[in-house]
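Listed in order, the protein sequences are those of chains W and G.
full-length UniProt numbering puts the last residue of the first sequence at 212; the count rises by one with no breaks.
full-length UniProt numbering puts the last residue of the second sequence at 212; the count rises by one with no breaks.
Beta carbons are placed, not taken as given, at the ideal position from N, Cα and C, and that holds for glycine.
Just so you know, these numbers come straight off a predicted model, no measurement behind them.
The structure under discussion appears below in the form of structure tokens.
Number of protein chains: 2
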Amino acid sequence: MESASSTPARPVGRGRKAQAAVRAATLAELLDRGYAELTVEGVAQRAGVHKTTVYRRWKTRESLVVDALAEHFTTDIPTPDTGALESDLRALAQALVQSMTDPVGKAVQTAMLSDAGRLPEVAEARRRVFADRIRRAEPVVVRAVERGELPAETDPAELFGTLAAPVYFHLLISADPAVEDTAERAVRITLAAARAGALTRSRHSAADDGEA
Amino acid sequence: MESASSTPARPVGRGRKAQAAVRAATLAELLDRGYAELTVEGVAQRAGVHKTTVYRRWKTRESLVVDALAEHFTTDIPTPDTGALESDLRALAQALVQSMTDPVGKAVQTAMLSDAGRLPEVAEARRRVFADRIRRAEPVVVRAVERGELPAETDPAELFGTLAAPVYFHLLISADPAVEDTAERAVRITLAAARAGALTRSRHSAADDGEA
DNA sequence: CTCCATTGCAACTCCTAGTTGCGTTAGGGG
DNA sequence: CCCCTAACGCAACTAGGAGTTGCAATGGAG
């Protein structure tokens, strides 16, 4: 409480704008150069800022990247409640697709899977994001089970993984250009698998053998 | 044919062993340091070779990585023919899992998704690998359709993508430790989706609405 | 055993990470 | 509106890895 009235110790003024510009420039460089080729001077130039300004706020190149990414770990997929499983899944899938299609989201997702994902903070953030998404998707499964749309033993984590896998695969891995119906495809697959009881907890002894 | 008898122009002798050691060291460094942190001197030391020896065979760090990866693009998933769709899919999924679980395969796959995937040669190789896998998986679908196990309009590319997506997702993206039944999970999902007609060509107007 | 292709080695240049000291500027409080 | 100071710009560093070159040493094939 020693600087309560004047408060000159906290970062104020134009410093904020510069830092925001640096963070944005970092994401932009991540997107079109990649983590391995990202250079602090490149970021500084892109932000219209001198190199030392960057180093005054961030100790290393890695911490700069981590901080720029961390900004976007919070805003994430909401929990839909449309009254039906299919439309809930569609909302989830579309939110996923959008979160990896817009420039910033694509930069973040790509970076998390690239060499930047080896940074401990990024790896842990990635785990937190997936755990959070699974947690948010849980009510969708609960409500679908209550409606009788899904087997009672359906596992929310399995269901979310089944929904997310085709999205990640098509957008980040196979990367084929025909990606317009990515969300819809994920919904179809997840719906079929879930209804067939292929996404139940524990073991795979569920009723999936039988009617062809 | 000018050097048919003496043939001193071609690389012979111990050069081969050194190059093999360098390639192996490159993969090892890719696996436990990553592409971004990979250093030519590190590779050379690990291979028990001097830096200049590396630069005499490979012009740049990038070409070294590309060449080390390219060695493993050829050996790929074979086409199973077990007489039933489920066991065929199981064979495919297990081959996929194995190809990304052993150290070398994991290094190759991880590198292809990391910043090394931005190298044009690697990106094109990745496309070729996926296209080749889809082509190899095609007979599985054809035979399953002939047996009446699948709808006639089932798309081999969609089916392979549906099988591969959960494998990639669980092994490389979500990376949760409970990954023993990765292959089996992929089989269950793909089987359910394919039987429900969710993996047909073109549009999604197939018979997937109805029985819950 | 001999020869020469290949390797080891040292000494370079260039680029980027990261640091330091000092002069300059911007923007908020008075 | 002016001034004060925190934050910035700038130049000049060190350290290390990419990539190159000339020369000496060596090891494998004939």
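Classify residue i as helix, strand or coil using the three-state DSSP reduction.
| i | result |
| --- | --- |
| T52(G) | helix |
| G148(W) | coil |
| A18(G) | helix |
| R143(W) | helix |
| R185(W) | helix |
| L163(W) | helix |
| A192(G) | helix |
| R33(G) | coil |
| A175(W) | coil |
| L27(W) | helix |
| S5(G) | Low confidence applies here, because S5(G) scores a pLDDT of 36, under 50, leaving its location unreliable and the question unanswered by this model. |
| Y168(W) | helix |
| E180(G) | coil |
Please name the residue or residues paired with residue i in a DSSP beta bridge.
| i | result |
| --- | --- |
| T200(W) | T154(W) |
Residue i touches chain G at which residues, Cβ-Cβ below 8 Å?
| i | result |
| --- | --- |
| G15(W) | None at all; the shortest Cβ gap to chain G is about 29 Å. |
| R135(W) | Ordered by position in chain G, no residue passes the 8 Å Cβ test against R135(W), which lies about 14 Å from the chain. |
Please compile the residues from chain W whose C-beta is within a distance smaller than 9 Å of the C-beta of residue i.
| i | result |
| --- | --- |
| P166(G) | G161, T162, A165, P166 and F169 |
| R118(G) | R33, G34, A36, E37 and S114 |
| A192(G) | I189, A192, A193, A194, R195, A196, G197, A198, L199 and D208 |
Run through chain W and tell me which residues come within less than 7 Å of residue i, C-beta to C-beta.
| i | result |
| --- | --- |
| S174(G) | F130 and G161 |
| Y35(G) | A36 and D115 |
Using the beta-carbon of each residue, which ones in chain G are nearer than 9 Å to residue i?
| i | result |
| --- | --- |
| I77(W) | Correct list: empty, because the minimum Cβ distance to chain G is about 15 Å. |
Does the ligand ADP have a heavy atom nearer than 8 Å to the CB of residue i?
| i | result |
| --- | --- |
| R16(G) | Among the components of this structure there are no ligands whatsoever, and the ligand ADP is therefore not found. |
Entirely enclosed alpha helix (DSSP H) segments - the segment 110 to 139 of chain G, minimum 4 residues:
Restricted to the segment 110 to 139 of chain G, not a single alpha helix (DSSP H) segment is unbroken, complete and at least 4 residues in length.
Fully enclosed by the segment 40 to 113 of chain W, which alpha helix (DSSP H) runs are 4 residues long or longer?
For the segment 40 to 113 of chain W, the full-length alpha helix (DSSP H) segments reaching 4 residues or more read 40 to 47, 51 to 57, 61 to 70, 85 to 99 and 103 to 113 along the chain.
Hey, is the segment 134 to 149 of chain G in contact with the segment 158 to 175 of chain G, meaning 3+ C-beta pairs nearer than 8 Å?
At 8 Å Cβ cutoff, the stretches touch.
Could you say if the segment 80 to 88 of chain G and the segment 56 to 71 of chain G meet the contact criterion of at least three C-beta pairs nearer than 8 Å?
The answer is no - the segment 56 to 71 of chain G does not touch the segment 80 to 88 of chain G, with fewer than three Cβ pairs under 8 Å.
Assess contact between the segment 182 to 195 of chain W and the segment 185 to 192 of chain G, defined as three or more Cβ pairs (one per stretch) separated by less than 8 Å. Is contact present?
Counting Cβ pairs under 8 Å, three or more are found: they touch.
The segment 118 to 128 of chain G in contact with the segment 171 to 182 of chain G per 3-pair CB rule at 8 Å
Between the segment 118 to 128 of chain G and the segment 171 to 182 of chain G there are fewer than three C-beta pairs closer than 8 Å, too few to call the two in contact.
So, do the segment 67 to 81 of chain W and the segment 99 to 107 of chain W have three or more beta carbon pairs nearer to each other than 8 Å?
They touch, by the three-pair rule.
I want to know whether the segment 13 to 24 of chain W touches the segment 43 to 54 of chain W - three or more CB-CB distances under 8 Å.
With the cut-off at 8 Å, the segment 13 to 24 of chain W and the segment 43 to 54 of chain W touch.
Measuring CB atoms only, is the segment 91 to 103 of chain W touching the segment 72 to 80 of chain W, in the sense that at least three cross pairs come out at less than 8 Å?
Contact holds: three or more Cβ-Cβ distances are below 8 Å.
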